[in-house]
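Please read the structure below before turning to the comments.
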Amino acid sequence: MLTPEQIKAKKISGEKVSMITAYDFAFARMAEAAGVDQILVGDSLANTMLGFKSTREVGMTEMLIFAAAVCRGAPNTHVIGDMPFGSDATPELAYDNARRFLDVGCSSIKLEGTPKGVIEFLRNKDVPVCAHHGLLPQTAENFKQKGKTDEEAAAIEAAAKYTDNLGCFEMVLEHIPEELGTRITREVNAVTIGIGGGKFTDGHVLVMHDALGMHNGRIPPFATKFVDMYALGVEGFKKYVESVKAGL
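For the sequence shown, the numbering used here assigns the number 145 to the initial residue and increments by one for each residue that follows.
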């Protein structure tokens, strides 16, 4: 599997980094077979897998179950455990929870924003950290694009530089203007992974359910649907029902 150093080397060589979310054994196997560079076990599983409206409704118990399943399904892929809301409330708690992700097989952890003293503590303990800037779903009041004003853009840029200086090997840039994503990518040593961060970031991440068309509805404006798995699944179930009724 790719190490943080090998992922950073891709930035230097100009090779784009692919990341996708996955939440279980079967889809993790598919992602690994497809050659995805990194799998993020995102707290978005609260929405996509459990039907909650907010990512704040899952904790470490749920995250570890899904993370362990993904690691079993993709043992040769760099898997990132997404720290859920409240799991990084203090540096010590964050470290304990990060260790739990690493213990089930994750290669690194991701956390949102710059919680006081947390990233410093994790890096001092040699925990590989992927930062997350721009739109922060766990604490956002709305899901509009961030960084549109000069003040907001400067704050996001400063946070990105701060986490870069702390030694984060990677950072997710979510739902920010392309110009800001491009500027941050040029200014930091860390690999930048865009999700609505513009096309000039070092790589991109998508929620699996958006990429595979597993929703029966709209997807975010910055996402791309590559296949309509919802329609394929419904058609498959219909054929099954018909075969049962036909006594086959």
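We put the CB at the ideal spot given by N, CA and C, even for glycine.
{"Check": "Exposure of T165, with buried meaning 16 or more beta-carbon neighbours within 10 Å", "Outcome": "buried"}
{"Check": "Given D294 as reference, the closest of E323, F313, L280 and E285 once Cα atoms are compared", "Outcome": "E323"}
{"Check": "Assigned secondary structure, D232 (DSSP; H/G/I helix, E/B strand, else coil)", "Outcome": "coil"}
{"Check": "Backbone CA spacing between G290 and I363 [nearest angstrom]", "Outcome": "Residue identity check: residue 290 is Lys in the sequence provided, not Gly. Going by the C-alpha atoms only, they are around 18 Å apart."}
{"Check": "For T283, the three-state DSSP class (helix, strand or coil)", "Outcome": "coil"}
{"Check": "For D346, the three-state DSSP class (helix, strand or coil)", "Outcome": "coil"}
{"Check": "Reduced DSSP secondary structure (H/G/I, E/B, other) of D247", "Outcome": "helix"}
{"Check": "S387 - containing alpha helix (DSSP H), residue span", "Outcome": "M373 to K389"}
{"Check": "K155, enclosing alpha helix (DSSP H) - first and last residue", "Outcome": "P148 to S157"}
{"Check": "For M373, the nearest candidate out of Y384, S387, V388 and A355 (CA to CA)", "Outcome": "A355"}
{"Check": "Where H319 sits in the DSSP three-state scheme", "Outcome": "coil"}
{"Check": "Validate contact between the segment 238-248 and the segment 150-158 using beta carbons, cut 8 Å, 3 pairs", "Outcome": "no"}
{"Check": "Per-residue burial, D308 [other beta carbons within 10 Å of its own, 16 or more giving buried]", "Outcome": "buried"}
{"Check": "When S252, N333 and E285 are compared against L184, the one with the closest alpha-carbon", "Outcome": "S252"}
{"Check": "Among N241, A390 and E176, nearest to P219 - alpha-carbon criterion", "Outcome": "E176"}
{"Check": "Unbroken beta strand (DSSP E) run spanning C274, endpoints", "Outcome": "V273 to G278"}
{"Check": "Straight-line gap, M145 to A303 (C-alpha atoms, nearest Å)", "Outcome": "29 Å"}
{"Check": "Range of the contiguous alpha helix (DSSP H) that encloses I300", "Outcome": "D294 to N309"}
{"Check": "Own chain, CB closer than 6 Å to I320, minus 5 neighbours either side, in chain order", "Outcome": "G278, K290, G291 and G341"}
{"Check": "Cβ shell of E256 (< 6 Å), same chain only, five flanking positions each side left out", "Outcome": "H276, L280 and Q282"}
{"Check": "Beta-carbon gap between P148 and F313 smaller than 7 Å", "Outcome": "yes"}
{"Check": "C-beta atoms of I337 and G325 nearer than 7 Å", "Outcome": "no"}
{"Check": "Nearest-angstrom beta carbon gap, G179 and M207 [assumed within contact, 8 Å]", "Outcome": "No, M207 and G179 are not in contact; Cβ-Cβ is about 25 Å, not under 8 Å."}
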